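The next block holds one structure in the form of structure tokens; read it before the comments.
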Amino acid sequence: MRIKFELDASISGIMEDEIRLAERAITAGVKDTAEHVQKRWRGQIVAAGLGDRLARAIRKRNFPDKGDSISAASLVYAQPNRKQSASAADVINAFDKGALIRSQHGMFLAIPTPAAGRNPRGARMTPQLWEKRTGLKLRFVPRRTGPSWLVLDKARINVKGAAVADRRRRRKALKTVEKAEVIFFLVPQVSLKKRIDLARDTRDAGDRLVRAVMARWR
Numbered sequence: 049m050r051i052k053f054e055l056d057a058s059i060s061g062i063m064e065d066e067i068r069l070a071e072r073a074i075t076a077g078v079k080d081t082a083e084h085v086q087k088r089w090r091g092q093i094v095a096a097g098l099g100d101r102l103a104r105a106i107r108k109r110n111f112p113d114k115g116d117s118i119s120a121a122s123l124v125y126a127q128p129n130r131k132q133s134a135s136a137a138d139v140i141n142a143f144d145k146g147a148l149i150r151s152q153h154g155m156f157l158a159i160p161t162p163a164a165g166r167n168p169r170g171a172r173m174t175p176q177l178w179e180k181r182t183g184l185k186l187r188f189v190p191r192r193t194g195p196s197w198l199v200l201d202k203a204r205i206n207v208k209g210a211a212v213a214d215r216r217r218r219r220k221a222l223k224t225v226e227k228a229e230v231i232f233f234l235v236p237q238v239s240l241k242k243r244i245d246l247a248r249d250t251r252d253a254g255d256r257l258v259r260a261v262m263a264r265w266r
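In our numbering, the protein residues as written are 49 to 266.
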């Protein structure tokens with residue numbers, strides 16, 4: 049006795065169509081959810097006052113890059129920058145979780161005041177860079193209460209409020225401060241408060257993914 053089993057061609061075709069429909073629905077749903085999370089994370093960063101530039105560090109990658117797959121996936125992440133000691137990912141993580149920042153060398157963190165001006169190259173202003181750029185020497189003022197100071201004696205302040213070297217041809221644009229001007233505050237550590245909550249949008253993404261897939265799987 050022999051029994052032969054065969055799959056009806058029409059049923060086979062229906063199954064193949066259903067699989068293709070599932071691939072399209074899952075791929076589109078995953079991409080839609082990832083894009084939503086990316087926008088929400090960027091929105092949180094901007095709303096927290098951390099700037100558009102940092103927000104743009106939130107990137108997205110889809111797998112596969114092209115075509116549909118029933119195993120589609122997307123990755124939303126903060127772009128690391130290996131050229132700097134603290135990348136955008138590190139900064140975002142610090143404001144997402146809160147952080148206690150200490151000096152790498154166990155001394156002080158130097159926080160520039162408006163009188164320090166800005167580094168033309170966009171890098172973080174440090175006492176060493178400031179002295180090299182201006183040719184002026186800073187004086188250390190220790191304090192028992194509150195942060196210690198790095199000051200410039202008899203500072204000359206330009207119209208932008210930054211301390212600069214005295215150049216006679218520009219004297220009209222300068223004013224002399226008889227007392228010392230604080231250029232940097234020196235603190236042993238700085239506490240960053242939590243200002244964003246990325247996990248909140250991640251938790252909401254699960255329900256959104258289900259709805260996005262089912263809306264396309266018809």
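Where is the CB? At the ideal position from N, CA and C, for every residue including glycine.
Given the structure is predicted, the values throughout are model-derived calculations rather than measurements.
Apart from the five residues just before and just after residue i, which ones in its own chain have a Cβ nearer than 7 Å to its Cβ?
i      : result
Asp249 : Val85, Arg88 and Trp89
Spell out the partners DSSP gives residue i in its beta bridges.
i      : result
Ala3   : Missing from the structure shown is residue 3; the chain here goes from 49 to 266 and no further.
Arg187 : Val199
Measuring alpha carbon to alpha carbon, tell me which of the options ends up nearest residue i.
i      : options                           : result
Gln237 : Ala228, Leu98, Ile159 and Ala73   : Ile159
Gly279 : Asp255, Trp265 and Val230         : Since the displayed the chain opens at 49 and closes at 266, residue 279 lies outside it and no answer follows.
Val261 : Gly91, Arg150, Leu102 and Ala120  : Ala120
Leu186 : Pro195, Gly194, Arg192 and Gln176 : Gln176
Gly99  : Ala82, Thr193, Phe111 and Val139  : Val139
Thr193 : Ala228, Phe233 and Lys202         : Phe233
Ala228 : Arg251, Lys202, Asp252 and Ala253 : Lys202
Within the same chain, show all residues whose beta-carbon is closer than 6 Å to that of residue i, passing over the 5 residues directly before and after it, in chain order.
i      : result
Leu123 : Arg109
At the level of alpha carbons, what is the spacing between residue i and residue j?
i      : j      : result
Arg218 : Ile244 : With a pLDDT of 49 at Arg218, under the threshold of 50, the modelled position of that residue is not reliable, and no figure is offered here.
Asp144 : Asp65  : 44 Å
Ala221 : Ile205 : Low confidence applies to Ala221: its pLDDT is 48, below 50, so where it sits in the model is not reliable enough to give any reading.
Leu257 : Leu240 : 33 Å
Leu246 : Asp255 : 16 Å
Val189 : Pro168 : 27 Å
Leu146 : Arg68  : In the sequence as presented, Leu is not what sits at residue 146; that position holds Gly. Approximately 45 Å, taken between the alpha carbons.
Would you say residue i and residue j are within 8 Å of each other, going by their C-beta atoms?
i      : j      : result
Lys96  : Ala136 : Note on residue identity: the sequence assigns Ala, not Lys, to residue 96. Cβ distance not < 8 Å, so Ala96 and Ala136 don't count as in contact.
Asp113 : Glu71  : no
Leu184 : Leu198 : no
Val235 : Leu157 : yes
Only counting the same chain, and skipping five residues up and downstream in sequence, which positions put a Cβ closer than 8 Å to that of residue i?
i      : result
Arg107 : Gln86, Val124, Tyr125, Ala126 and Gln127
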